[in-house]
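Number of protein chains: 2
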Amino acid sequence: MPAEAPAPFRRLAIVGLGLIGSSIARAARHYGMVETIVAIDRDAAVLERVRALGIADVATDDLVAGVAQADLVILCVPVGAAGAVAEAMAGHLAPGTVVSDVGSVKVAVVAAVAPHLGPGVHFVPAHPVAGTEYSGPDAGFSTLFSGRWCILTPLPEGDAGAAARVQAFWEGIGAIVETMTAEHHDLVLAITSHVPHLIAYNIVGTAADLEAVTQSEVIKFSAGGFRDFTRIAASDPTMWRDVFLANKDAVLEMLGRFNEDLSALARAIRWGDGDALHALFTRTRAIRRGIVAQGQETAEPDFGRSRAERGKTGEG
Amino acid sequence: MPAEAPAPFRRLAIVGLGLIGSSIARAARHYGMVETIVAIDRDAAVLERVRALGIADVATDDLVAGVAQADLVILCVPVGAAGAVAEAMAGHLAPGTVVSDVGSVKVAVVAAVAPHLGPGVHFVPAHPVAGTEYSGPDAGFSTLFSGRWCILTPLPEGDAGAAARVQAFWEGIGAIVETMTAEHHDLVLAITSHVPHLIAYNIVGTAADLEAVTQSEVIKFSAGGFRDFTRIAASDPTMWRDVFLANKDAVLEMLGRFNEDLSALARAIRWGDGDALHALFTRTRAIRRGIVAQGQETAEPDFGRSRAERGKTGEG
């Protein structure tokens, strides 16, 4: 955000202090984006950690009181819970309040949240495409969104000023903002995030169930490629259950494409069609180069794992 | 290797100076495991890099002369090329020479290589489970095998002393050695390496072919999980073509299991069976913890990517 622009919001209420919620709290303070941060969570253990970490000005389990004076409320709960939270707080939001979220699915969240919010409240759905495989308030850090994309899916009939302020907030904590429809978001994320998670969860499950290969062998020899899948297969189970249920159509559509292609690949292996295999394996390198070139990944070999082993440092 | 043990070999000939071959050369020198290193490659550009990097005492495209006086010859060529190399060099190996390899498939390599080697030559198949997504002599580094597993699959009728010397060599350059049959190796690697590579190549290909989502969007929003797949889908196309063709049966068998499980998962999504999804997603976390606990992966969030972005350093 340019230095001369006024801060878009003064009082931020975050509902759900997991990895993402706690990172937003840390980032909002680190970048001086709001005056007051209210952390709302129904889990007493989470609130205790929030207080110990000192990442919010107020930590409460009282949703109604917590959101009452906020001018920005961000829902950082699993997408399956967003509707219920919206319903519970809707009557207690001040006119002009902006409500946003961080859900990995947008059509279902809009359908669940928007009907509850009164006409004076502005809903601006958002999705920061960032994360790690860790969960909970201790896992967050203030630079999680730096250089990462945050997708906004403003409602067609929504308030443009509110969307601009949410954009300014995300840009202020380091993200790059892109705007698209909720429907398109759900398709894009189905292929870039949801199906990858699904097949990662799946192969880790398949490996665990084999009789001919022990779990100990799977773990020992995981450096051959398997371990790359286990990171995302260690992501939060509740969050991901909700994502798959909420984005069912797009996930099944993209999974159908994946399966068709995989069948063709299996057939090429069965019939010894080395040229088809080589052609695909060459083509896929280009996408990797694009990802590295755009700064969404390091070019270091092996993600710098070898380096990490030589001198491991913690993430702040 | 204990300090008092004699070096198991004096003259090492490496055939194929790619990522693995050049890493073995660097490691053998770094750890003082042999007196002389002979680099053999038919590619003049590779030999030029080997000479410039100074990682071998001799660099030659003459296979017969290169292996003539070696007491250890390691084939570091794609598995589909191992048989032809063995045939070409077989008559020129001194009695007592130990031949090994680094192939990701073992049954097919044994079948292709062993028949060519005379009775006085000892073949000890090996597979170091280590690598990065980069290829070529510049990509190697001396610590690639440190703390990584190297699997030996000695022939049932093979020379036990030769196998022990190959084990000592690998332990001397930092690897942990495990011995199993070639058949079991191919099953284990099918699930821990080959099928993961196959589905990574596949989803990157699927994503590239979509009409509704642009390649630019796939690249931009890859941080949601997709990028984890692109690393291994950037691996050497020729090597991997050969792996899939050479380990066809085990790969198709494991792929069949994967597909059955994926169908069940798709069905759970279609019918909204959140409990089944949550149960699997919880179970898969345990395998991840095992991999981190056994030192085959860093526990840093996001592979330390955020850290890498703050201060990127090269890999030696």
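Top line first, the protein sequences correspond to chains X and H.
Using my numbering, read the first sequence as starting at 2 and increasing by one per residue.
Using my numbering, read the second sequence as starting at 2 and increasing by one per residue.
Even glycine gets a Cβ: it sits at the ideal position worked out from N, Cα and C.
What is the rounded straight-line gap between the Cα of X:Gly17 and the Cα of X:Leu156? 23 Å
Return no unless some Cβ of chain H is closer than 7 Å to the Cβ of X:Ile25. no
Would you say X:His198 faces chain H, with C-beta separation under 7 Å as the test? yes
Verify the CB distance criterion: does X:Gln168 have a CB-CB separation below 7 Å to chain H? no
X:Pro7 beta carbon less than 7 Å from that of X:Phe170: no
Give the interface partners of H:Trp241 over in chain X, defined as CB-CB distance under 9 Å, in chain order. Leu278, His279 and Phe282
If contacts are defined as beta-carbon pairs under 8 Å, then X:Val108 and X:Ala191 qualify, I think. What distance do you get, rounded to the angstrom? Incorrect: roughly 11 Å between the Cβ atoms, too far for contact.
7 Å Cβ cutoff, H:Thr180 in contact with chain X: no
Taking 7 Å as the cut-off, decide whether the C-beta atoms of X:Val125 and X:Ser101 are in contact. yes
Quick one: Cα of X:Gly275 to Cα of H:Ala201, how far? 17 Å
Check the Cβ of H:Ala208 against every Cβ in chain X and list those closer than 8 Å, keeping chain order. Ile192, Thr193 and Ile288
Can you find a CB in chain H that lies within less than 7 Å of the CB of X:Val219? yes
If X:Val205 sits next to X:Thr239, beta carbons under 8 Å apart, how far is it from one beta carbon to the other, in whole angstroms? At roughly 17 Å, the Cβ-Cβ gap does not stay under 8 Å, so X:Val205 and X:Thr239 are not in contact.
Considering just the uninterrupted stretch of the alpha helix (DSSP H) at X:Phe146, what are its terminal residues? Run containing X:Phe146: none; DSSP gives neither H nor E here.
Let's see if you can read the secondary structure: which residues bound the beta strand (DSSP E) around H:Ile177? Ile177 to Thr180
For H:Ala267, return the contacting residues in chain X, with the cut-off set at a CB-CB distance below 7 Å. Leu253 and Leu256
Would H:Val99 and H:His128 qualify as a contact pair, given that the criterion is a beta-carbon distance under 7 Å? no
In the structure shown, what three-state DSSP assignment does X:Leu118 receive? coil
Can you grab the Cα-Cα spacing for the pair H:Asp44 / X:Tyr135, in whole Å? 45 Å
Chain X beta carbons: is any one of them nearer than 7 Å to that of H:Ala131? yes
Assuming contact is defined by CB atoms lying nearer than 7 Å, are X:Ala131 and H:Ala163 in contact in what I supplied? no
Using a threshold of 7 Å, state whether the C-beta atoms of X:Ala235 and H:Arg286 are closer than that. yes
Is there a C-beta anywhere in chain X that falls below 7 Å from the one on H:Arg228? yes
Considering only DSSP beta bridges, list what H:His128 is partnered with. H:Ile152
Helix, strand or coil: how does DSSP classify X:Ala14 here? strand
At a CB-CB cut-off below 7 Å, which residues of chain H make contact with X:Ile292? Ile220, Ser223, Arg228 and Thr231
I need the straight-line Cα distance from X:Val39 to X:Ala247, nearest angstrom please. 28 Å
So for X:Leu76, helix, strand or coil by DSSP? strand
Name the chain H residues whose beta carbon is nearer than 9 Å to that of X:Thr154? Within 9 Å Cβ-Cβ: nothing; X:Thr154 doesn't reach chain H, min ~13 Å.
X:Leu13 and X:Val35 look like a contact to me (Cβ under 8 Å); what is the Cβ gap, rounded to whole Å? 4 Å
So the candidates are H:Leu94, H:Ile56 and H:Ser24; which of them puts its Cα closest to the Cα of H:Asp72? H:Leu94
Using DSSP with H/G/I as helix, E/B as strand and the rest coil, what is H:Val219? helix
To which residues of the same chain is H:Leu145 closer than 6 Å at the C-beta, ignoring the five residues directly before and after it? Ser24 and Ala131
Candidates H:Ala269, H:Gly226, H:Ala209 and H:Ala29: which alpha carbon is nearest X:Leu281's? H:Ala209
Looking only at its own chain, which residues have a Cβ that is under 6 Å from the Cβ of H:Pro79, when we skip the five neighbours before and after it? Thr239, Met240 and Asp243
Enumerated in chain order, which unbroken segments of the alpha helix (DSSP H) with a length of 4 residues or greater are wholly contained in the region 3 to 70 of chain X? 20 to 31, 45 to 54 and 64 to 68
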